[in-house]
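Participant: Residue numbers (our numbering): 20 to 244.
Beta carbons: idealized from backbone N, C-alpha and C, even for Gly.
Bear in mind the structure is a predicted one, so any value in this text is a computation, not a measurement.
Have a look at the structure that comes next, please.
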Amino acid sequence: MVNKVLLTYAVFDFIFVAMGIVIIVFSTTVQKFQFEVPTDGKQAARNLLYQRFPFTAAIINSVGIFITFVITVPGLITPVRSWLKVGAYLTTVNAIFTLVIGLYLWIQTLRTKGDFAPIWGNQTAAVQDLMQAAFQCCGYFNSTSPAFVTNPTCQSPASAALMRGCATPITSFANIFVDDIFTSLFGMVGIDVAFVVATACLLKQRKERERFRHIDEKSGALRGF
Numbered sequence: 020m021v022n023k024v025l026l027t028y029a030v031f032d033f034i035f036v037a038m039g040i041v042i043i044v045f046s047t048t049v050q051k052f053q054f055e056v057p058t059d060g061k062q063a064a065r066n067l068l069y070q071r072f073p074f075t076a077a078i079i080n081s082v083g084i085f086i087t088f089v090i091t092v093p094g095l096i097t098p099v100r101s102w103l104k105v106g107a108y109l110t111t112v113n114a115i116f117t118l119v120i121g122l123y124l125w126i127q128t129l130r131t132k133g134d135f136a137p138i139w140g141n142q143t144a145a146v147q148d149l150m151q152a153a154f155q156c157c158g159y160f161n162s163t164s165p166a167f168v169t170n171p172t173c174q175s176p177a178s179a180a181l182m183r184g185c186a187t188p189i190t191s192f193a194n195i196f197v198d199d200i201f202t203s204l205f206g207m208v209g210i211d212v213a214f215v216v217a218t219a220c221l222l223k224q225r226k227e228r229e230r231f232r233h234i235d236e237k238s239g240a241l242r243g244f
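Structural data, given as structure tokens:
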């Protein structure tokens, strides 16, 4: 008969390590192209946002997940409960680490408009041109603060003054983009919590079985007399 508690634990264990794979693949992949020369404004904005992401912390987190998974494997295939306990503690640490990264990204969304201003100012005219064209705006806060880059969207000071600044559309784009990422991280934390609960259930089951085994052994010894 299939042990449903053990099966549930195994499922969450593999989902847990899959999250580590997703995190490290995403982090290493994005790090390769976050500084590439953009070909459109939304790509430029996305790359600038990526440059603010804590990829080193994310990679460390994924390594912690892999280490935790390796420790949980003996707990999965052997009746020794100490492996499960260590795995639960490490999973909790990983969950807190993931939560902190998610909160960091969430806090960034609260300050995007102000924080992105110096980033905009440090870009070349070509990159600003791409973002103005993509978001249909001129300048950052407005056409004069900082001064807009002349392009088909902002052809003259008079036409640029009638256009909105890029701060609002870029902030909206950034918040939606980053929201998806930190929401995914919070979802991973939920899976971590479920994994810890599954571990606690398996620990309880094994403890009860061990207790019954000791009772049976004592009963057998008494019958021997």
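By Cβ distance, which residues of its chain are closer than 6 Å to Ala193, with the 5 residues on each side in sequence left out?
Facilitator: These residues qualify, in order along the chain: Leu68 and Thr131.
Participant: Measuring CB atoms only, is the segment 146–162 touching the segment 179–191, in the sense that at least three cross pairs come out at less than 8 Å?
Facilitator: They touch, by the three-pair rule.
Participant: Report yes if the C-beta distance between Leu249 and Leu25 is below 8 Å; otherwise report no.
Facilitator: With the chain represented from 20 up to 244, any question about residue 249 goes unanswered, as that position is not in the structure.
Participant: Would you mind giving the Cβ-Cβ distance between Asp134 and Asn170, rounded to the nearest angstrom? I have them listed as a contact below 8 Å.
Facilitator: In fact, because the Cβ distance is near 25 Å, the residues do not count as touching under 8 Å.
Participant: For Leu129, does the count of other Cβ atoms within 10 angstroms reach 16, so buried, or fall short, so exposed?
Facilitator: Burial call: exposed.
Participant: Between the alpha carbons of Ile200 and Val49, how many angstroms are there, rounded?
Facilitator: Cα to Cα, the separation comes out at about 13 Å.
Participant: What does the alpha-carbon distance come out to for the pair Gln151 and Asp59?
Facilitator: The straight-line gap from Cα to Cα measures roughly 10 Å.
Participant: State the DSSP-derived secondary structure class of Thr87, mapped to helix, strand or coil.
Facilitator: In the structure shown, Thr87 sits in a helix (DSSP, three-state: H, G or I).
Participant: Smallest Cα separation from Pro93: which of Asp32, Ile138, Cys156 and Gly184?
Facilitator: Of the listed residues, the one whose Cα sits closest to Pro93 is Asp32.
Participant: Please state the DSSP three-state secondary structure of Asn113.
Facilitator: Helix at Asn113.
Participant: Just mark Thr202 as buried or exposed, buried being the case when its beta carbon has 16 or more other beta carbons within 10 Å.
Facilitator: When all chains shown are included, Thr202 counts as exposed.
Participant: Nearest to Gly83 by CA position, among Gly206, Ala186, Ala107 and Ile126, is which residue?
Facilitator: Looking at the Cα atoms, Ala107 is the closest of the given residues.
Participant: Quick test of your reading: Ile115 and Ala77, contact by CB under 8 Å. State the CB separation rounded to the nearest angstrom.
Facilitator: 14 Å between Cβ atoms; not a contact.
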